[in-house]
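Participant: Sharing a structure, written as structure tokens. Questions coming.
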Amino acid sequence: MISAKRFHFLTAAIAGVLAVQLSAQVQTEVPPVVPGAKPVGVEHIKIHGKSLEGNLEGDAVDRDVIVFLPPSYAKEKSRRYPVVYALHGYSIGAEQWSHEIHVPQTIEGAFSQGAKEMIVVLPDSKTLHNGSMYSSSVTTGDFEQFIAHDVVAYIDGHYRTIAERASRGLVGHSMGGYGATRIGMKHADVFGSLYIMSPCCLSPRPAAAANPELAKALEAVKTPEDSAKLSFFPRATLASAAAWSPNPKNSPLYLDLPTKDGQPQPDVIAKWTANAPLAFIDQYIDALREYHGISIDVGDQDGLRVDTARLHGVLDQYGITNSFEEYHGTHTSAVAVRFQNYVMPFFSQNLCFQEHCR
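Under this note's numbering, the first residue of the sequence shown is numbered 38, with each subsequent residue one higher.
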């Protein structure tokens with residue numbers, strides 16, 4: 038039995054996300070415009086998420102998606118391209134994510150500096166409580182399958198892609214980094230290269246004292262309007278509960294919290310732990326070996342750096358080739374620079390740019 042004294046209300050599932058100030062989401066350095074960079078095409082579309090149908094939260098099933106097409110796409114009508122899928126973090130959607138990484142400028146800059154041309158896709162996974170955690174839940178819908186199947190199938194069916202795993206890349210930051218880690222492990226048959234940026238929620242944390250006021254505030258939430266009034270910290274807890282401890286019998290929010298009547302709920306805590314990548318990574322080692330390239334980075338002033346280094350350490354322990362960099366910066370300060378100068382070149386080097394790759 039977990040005592041209230043030793044219970045850590047904010048398990049590792051959300052500890053990393055909650056350590057970051059909401060205001061930091063827009064504090065990003067912008068790389069200089071690269072002179073002569075050719076413009077990319079930008080399309081705002083909606084993709085129907087069959088995997089999201091019937092979700093109990095009532096989250097949108099037709100999701101906003103932003104597609105960036107390389108400069109040559111409109112002219113070279115027979116040419117096909119690899120695709121990079123980029124996952125946003127908690128509390129933002131695809132549109133704000135596009136501003137955070139300063140696309141299309143950073144995509145254009147990367148191409149101008151030598152990165153090979155590819156399609157870049159930003160799907161939106163914002164939910165009632167501001168984030169899907171890219172997980173599978175009857176409450177939010179199956180966002181894991183939405184990304185790995187629905188979005189990929191639509192893009193392959195409507196754009197000139199190289200529809201092979203070796204030509205698909207997956208990248209994400211913060212909650213998106215968690216999503217890239219989780220989906221990357223479970224869907225190595227879909228993606229061929231993986232870039233994980235400052236991932237949250239990798240592991241459970243040591244037990245600590247409960248927060249009675251927070252627990253009381255969360256248990257008082259009865260409607261979506263109540264959730265919308267909450268600050269970043271408790272709302273992220275609701276998002277995690279909706280993703281990792283759904284309960285179709287517990288209306289109106291259809292989730293179980295880690296506390297009830299101020300007491301910790303061990304069964305719920307166990308479900309959250311089961312969704313921590315460092316708790317289930319050993320089951321997916323063979324899948325991770327299939328990747329042509331894996332890269333991980335995190336800022337040296339980011340509270341997520343310890344767990345991120347642990348993820349790198351597990352891959353090293355199993356002899357899985359990966360690169361890891363702890364660069365100078367906070368959680369979001371360098372994300373746009375990293376996207377242009379590291380993420381795009383990484384996929385340029387690791388994706389397959391011709392059909393029938395192995």
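By construction, the Cβ of each residue, glycine as well, lies at the ideal position given by its N, Cα and C atoms. Since the model is a prediction, treat every value here as computed from it, not as a measurement.
What residue does the alpha helix (DSSP H) around residue 88 start on, and which one ends it?
Facilitator: For the purposes of this step, residue 88 is identified with residue 51 of the sequence shown, where counting begins at 1. Run containing residue 88: none; DSSP gives neither H nor E here.
Participant: Report the partner residues of residue 305 according to the DSSP bridge assignment.
Facilitator: Counted from its first residue, the sequence shown places residue 305 at position 268. None, per the DSSP bridge assignment.
Participant: Taking only the alpha-carbon atoms, compute the straight-line gap between residue 336 and residue 78 and give it to the nearest angstrom.
Facilitator: Here residue 336 refers to the residue found at position 299 of the sequence shown. Here residue 78 refers to the residue found at position 41 of the sequence shown. Going from the Cα of residue 336 to the Cα of residue 78 covers about 31 Å.
Participant: Have a look at the DSSP bridge pairing and note the partners of residue 234.
Facilitator: The residue given as residue 234 occupies position 197 in the sequence shown. Answer is 210, 334.
Participant: Let me know the secondary structure DSSP gives residue 365 once reduced to three states.
Facilitator: By one-based count along the sequence shown, residue 365 stands at place 328. Three-state DSSP puts residue 365 in coil, outside helix and strand.
Participant: Count the C-beta pairs between the stretch 148 to 155 and the stretch 100 to 120 that are closer than 8 Å, then say yes if the count reaches three, no if not.
Facilitator: Verdict: yes, contact present.
Participant: In the DSSP assignment, find the beta strand (DSSP E) that holds residue 99 and state where it starts and stops.
Facilitator: Within the sequence shown, the letter at position 62 stands for residue 99. It spans 99 to 106 - the beta strand (DSSP E) in which residue 99 sits, taken as one unbroken run.
Participant: Which residues does DSSP pair with residue 178 in a beta bridge?
Facilitator: Within the sequence shown, the letter at position 141 stands for residue 178. According to DSSP, residue 178 bridges with 174.
Participant: What does a CB cutoff of less than 7 Å around residue 59 pick up in its chain, not counting 5 residues either side in sequence?
Facilitator: Counting from 1 along the sequence shown, the entry for residue 59 is found at position 22. Low confidence applies to residue 59: its pLDDT is 32, below 50, so where it sits in the model is not reliable enough to give any reading.
Participant: Quick one, are the C-beta atoms of residue 137 and residue 104 less than 8 Å apart?
Facilitator: In the sequence shown, counting from the first residue as 1, residue 137 sits at position 100. In the sequence shown, counting from the first residue as 1, residue 104 sits at position 67. Contact: no.
Participant: Going by beta-carbon coordinates alone, are residue 258 and residue 282 separated by less than 8 Å?
Facilitator: Taking the first residue of the sequence shown as 1, we reach residue 258 at position 221. Taking the first residue of the sequence shown as 1, we reach residue 282 at position 245. It is not a contact, given that the beta carbons lie outside the stated cut-off.
Participant: Under a three-way DSSP split, which group does residue 79 fall into?
Facilitator: For this step, residue 79 is matched to residue 42 along the sequence shown. If DSSP states are grouped into helix, strand and coil, residue 79 belongs with the strands.
Participant: Between which residues of its own chain and residue 86 is the CB-CB distance below 6 Å, once the five residues before and five after are set aside?
Facilitator: Here residue 86 refers to the residue found at position 49 when the sequence shown is read from its first residue. 98, 100, 183, 187.
Participant: By the three-class DSSP mapping on this structure, what secondary structure does residue 300 have?
Facilitator: Here residue 300 refers to the residue found at position 263 when the sequence shown is read from its first residue. Strand.
Participant: Of all Cβ atoms in chain B, is any one closer than 8 Å to the Cβ of residue 226?
Facilitator: The structure shown contains no chain B; it is built from a single protein chain.
Participant: What did DSSP end up calling residue 23 once you bin it into helix, strand or coil?
Facilitator: Here the chain comprises residues numbered 38 to 395, so residue 23 is not present and cannot be evaluated.
Participant: May I have the straight-line CA-CA distance separating residue 339 from residue 383, to the nearest angstrom?
Facilitator: Here residue 339 refers to the residue found at position 302 when the sequence shown is read from its first residue. Here residue 383 refers to the residue found at position 346 when the sequence shown is read from its first residue. Taking the straight line from one Cα to the other gives about 22 Å.
Participant: Identify the residues that DSSP records as bridge partners of residue 360: which are they?
Facilitator: Taking the first residue of the sequence shown as position 1, residue 360 is located at position 323. DSSP lists 332 as partners of residue 360.
Participant: Span of the beta strand (DSSP E) holding residue 67?
Facilitator: Looking up residue 67 in the sequence shown gives position 30. That residue, residue 67, is in no beta strand (DSSP E); it is neither H nor E in DSSP.
Participant: Are there 16 or more other CB atoms within 10 angstroms of the CB of residue 391, so buried, or fewer, so exposed?
Facilitator: Residue mapping note: residue 391 aligns to position 354 of the sequence shown, counting from 1. Burial call: exposed.
Participant: Just curious, the alpha helix (DSSP H) that residue 191 is in, first and last residue?
Facilitator: The residue given as residue 191 occupies position 154 in the sequence shown. Taken as a continuous stretch (DSSP letters only), the alpha helix (DSSP H) holding residue 191 covers 189 to 195.
Participant: Looking at the unbroken alpha helix (DSSP H) that takes in residue 265, where does it start and where does it end?
Facilitator: Locating residue 265 in the sequence shown gives position 228, where the first residue counts as 1. Where residue 265 is concerned, the enclosing alpha helix (DSSP H) stretches over 261 to 265.
Participant: From the DSSP output, in three-state form, read off residue 322 for me.
Facilitator: Position 285 of the sequence shown holds residue 322. DSSP places residue 322 in helix when its eight states are reduced to three.
Participant: Pick helix, strand or coil for residue 283, following the three-state DSSP scheme.
Facilitator: Counted from its first residue, the sequence shown places residue 283 at position 246. Strand, per DSSP.
Participant: Would you check if the stretch 230 to 242 and the stretch 203 to 219 touch, i.e. whether three or more CB-CB distances between them fall below 8 Å?
Facilitator: Contact between the stretch 203 to 219 and the stretch 230 to 242 is present, because at least three Cβ pairs lie under 8 Å.
Participant: With H, G and I counted as helix, E and B as strand and the rest as coil, what does DSSP make of residue 315?
Facilitator: Here residue 315 refers to the residue found at position 278 of the sequence shown. It is helical.
Participant: Run through DSSP, which three-state label would residue 111 get?
Facilitator: Along the sequence shown, one-based indexing puts residue 111 at 74. Looking at residue 111 - three-state DSSP - the assignment turns out to be coil, as it is neither helix nor strand.
Participant: Return the CA-CA distance between residue 148 and residue 75, expressed in angstroms with no decimal places.
Facilitator: The residue given as residue 148 occupies position 111 in the sequence shown. The residue given as residue 75 occupies position 38 in the sequence shown. Going by the C-alpha atoms only, they are around 8 Å apart.
Participant: Based on the DSSP output, what are the partners of residue 198 in its beta bridges?
Facilitator: Indexing the sequence shown from 1 puts residue 198 at position 161. The partner list for residue 198 (beta bridge, DSSP) reads 118.
Participant: Which residues does DSSP pair with residue 159 in a beta bridge?
Facilitator: In the sequence shown, counting from the first residue as 1, residue 159 sits at position 122. Bridge partners of residue 159: 103.
Participant: Under three-state DSSP, which class holds residue 123?
Facilitator: Mapped onto the sequence shown, residue 123 falls at position 86. Reduced to three states, the DSSP call for residue 123 is strand.
Participant: Just reading off the alpha helix (DSSP H) that residue 144 is part of, what are its end residues?
Facilitator: One-based indexing of the sequence shown puts residue 144 at position 107. That run of the alpha helix (DSSP H) goes 142 to 149.
Participant: Alpha carbon to alpha carbon, what distance is there between residue 215 and residue 42?
Facilitator: Position 5 of the sequence shown, counted from the start, is the residue given in the question as residue 42. Position 178 of the sequence shown, counted from the start, is the residue given in the question as residue 215. Below a pLDDT of 50, predicted positions are generally treated as unreliable, and residue 42, at 39, falls in that range; the measurement from the model is reported next regardless. Whole-angstrom Cα-Cα distance: 29 Å.
Participant: Tell me the rounded alpha-carbon separation between residue 330 and residue 290.
Facilitator: As a working mapping, residue 330 is identified with position 293 in the sequence shown. As a working mapping, residue 290 is identified with position 253 in the sequence shown. Looking at the two C-alpha atoms, the distance is approximately 40 Å.
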